[in-house]
Amino acid sequence: MPGTKQFTIGSGQENHWVYRIYVSWPQGEPPADGFPVIYVLDANSVIGTMIEAVRLQSGKQRGSGPSMAVVGIGYETDKAFSTERFTDYSLPMPVEELPPYSRGGEWPRQGGADAFLRFIEERLKPLIARMFPVNVREQAIFGHSLGGLFALHALFTRTDAFQTYIAGSPSIDWYKRLILDEERLWRTSLGNDKKLNARLLVTAGEMERDHPTRINDNAKELVERLKPHMDSGLHVEYREFEGENHISVLPVLISRAVRFFKEGLE
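In the working numbering, the protein residues as written are 21 to 286.
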């Protein structure tokens, strides 16, 4: 794909992992303030879909909106999903409070979300800013499932890291006690006349309504709790995609995520 490259970078964290980074930036001159950037989790599975969605929704087509750069964060594997994500995207929930691990055996180490967020903020973002002009006031993060949980964690604990947060089918139920505590503390902080510049899109597939972890209900309830805070500068939406399940929802979610980010830029 034109203007696209990939490379590896060490985590610089206690896990010593190596990430595979995918970068795609628009052709032509950058805006005066630099390119908007969307950071994409689970890039091994969705980076091609995201890059193509951005390419098709950008440019000179009517209603396409401004161009943006894409930075995908993946792992050193050719599989769609790496087990390392269970550490990087999760909160420090004791494994005895989690359901049986769906792949059998023991759960991977839990609670790496803070370290992973430090990696993004302290190592990856400065590197990307050296590669091409970046608008630090126009950045988004996209995550699905456990990645959606991580997007919520980033919003509640480091709100200024991004301006747009996309949490697709977030895994709230597994980590409900901890993520609700983070949410409550964050909402309390909004009572101190704090003015935000944050947009949040929470989504689910229609066929996930029957999922035992109540993905849709938890997502809708979260949005309803956050709506009263829209006067604080928070824009929040919930979308449910007809006829889609936990995995088939990804292409339509990505398309809507690109539009949602662009709407905040126009």
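All C-beta atoms, glycine included, are put in the ideal place defined by N, C-alpha and C. It should be emphasised that the depicted structure is a prediction, and the values quoted were computed from it without experimental measurement.
Compute the minimum distance between the beta carbon of residue i and the heavy atoms of the ligand SAM, and state whether it is under 7 Å.
i, result
"G32", "Among the ligands in the structure shown, none appear at all, so the ligand SAM cannot be discussed."
If we ignore side chains and look at the alpha-carbon of each, how far apart do residue i and residue j end up?
i, j, result
"Y59", "G125", "32 Å"
"N238", "I192", "7 Å"
"S252", "T208", "12 Å"
"A77", "V278", "It should be noted that the sequence gives Gln, not Ala, for residue 77. About 8 Å."
"Q196", "Q47", "For clarity, residue 196 is Lys in the given sequence; the question names Gln instead. When rounded, the distance between both Cα atoms is 42 Å."
"A218", "H36", "32 Å"
"P232", "I67", "28 Å"
"Y258", "N64", "26 Å"
"A171", "A187", "6 Å"
"D62", "S268", "15 Å"
"P153", "P51", "9 Å"
"R204", "E244", "13 Å"
"G94", "M250", "33 Å"
"E228", "E286", "32 Å"
"P224", "K247", "The sequence given here places Ala at residue 224; Pro does not occur at that position. Distance between the alpha carbons of A224 and K247 is about 18 Å."
"R157", "E262", "33 Å"
"P190", "E49", "36 Å"
"D230", "K145", "38 Å"
"I29", "M113", "28 Å"
"V256", "M151", "32 Å"
Looking only at its chain, what residues have a beta carbon closer than 6 Å to the beta carbon of residue i, apart from the 5 residues adjacent to it on each side?
i, result
"R75", "none"
"F27", "I41"
"T103", "P128"
"F280", "L221"
"L254", "L216 and A218"
"G284", "T184 and R219"
Beta strand (DSSP E) containing residue i: first to last residue?
i, result
"S44", "V38 to S44"
"F176", "Note, F176: premise wrong, no beta strand (DSSP E); alpha helix (DSSP H) at L166 to T177."
"I186", "T184 to G188"
"R234", "Note, R234: premise wrong, no beta strand (DSSP E); not H, not E."
"K25", "T24 to G30"
"L254", "L254 to F261"
"R229", "No beta strand (DSSP E) contains R229, which DSSP labels as neither H nor E."
"R219", "A218 to G225"
Tell me which same chain residues have a C-beta within less than 7 Å of the C-beta of residue i, skipping the five on either side of it?
i, result
"R82", "Caution applies to R82, whose pLDDT of 43 falls short of 50 and renders its modelled position unreliable; the value that the coordinates give is listed next. Closer than 7 Å at the Cβ level, and outside the excluded window around R82, lies no residue."
"K240", "Y258"
"W206", "F176"
"E264", "G225, E226, M227 and V272"
Residues in its own chain within less than 8 Å of residue i by CB, not counting five upstream and five downstream?
i, result
"V115", "E126, W127 and Q130"
"G211", "none"
"L270", "S65, V66, T69, H164 and G188"
Let's see if you can read the secondary structure: which residues bound the alpha helix (DSSP H) around residue i?
i, result
"K282", "L270 to L285"
"Q77", "A63 to Q77"
"P146", "K145 to M151"
"F101", "Neither: F101 is in no alpha helix (DSSP H) and is coded neither H nor E."
"R138", "A133 to F139"
"I199", "K196 to S209"
My understanding is that residue i touches residue j, with C-beta atoms under 8 Å, so please give their C-beta distance in whole angstroms.
i, j, result
"T24", "V38", "Actually they do not touch by this definition, with Cβ atoms about 20 Å apart."
"E260", "E226", "6 Å"
"P56", "M88", "4 Å"
"H173", "I199", "7 Å"
"I71", "V90", "5 Å"
"I274", "T69", "5 Å"
"F155", "G32", "In the sequence as presented, Phe is not what sits at residue 155; that position holds Asn. Contact doesn't hold; Cβ gap of about 25 Å is too wide."
* **the region 118-130 / the region 140-153 touching (three or more Cβ pairs under 8 Å)** => Judged by pairs of C-beta atoms under 8 Å, the region 118-130 does not touch the region 140-153, as fewer than three such pairs exist.
* Taking one C-beta from the region 150-164 and one from the region 180-199 each time, how about it: are there three or more such pairs within less than 8 Å? -> The region 150-164 vs the region 180-199: in contact.
* Below 8 Å, can you find three or more Cβ-Cβ pairs linking the region 104-112 to the region 126-138? -> Contact between the region 104-112 and the region 126-138 is present: three or more C-beta pairs spanning the two stretches fall below 8 Å.
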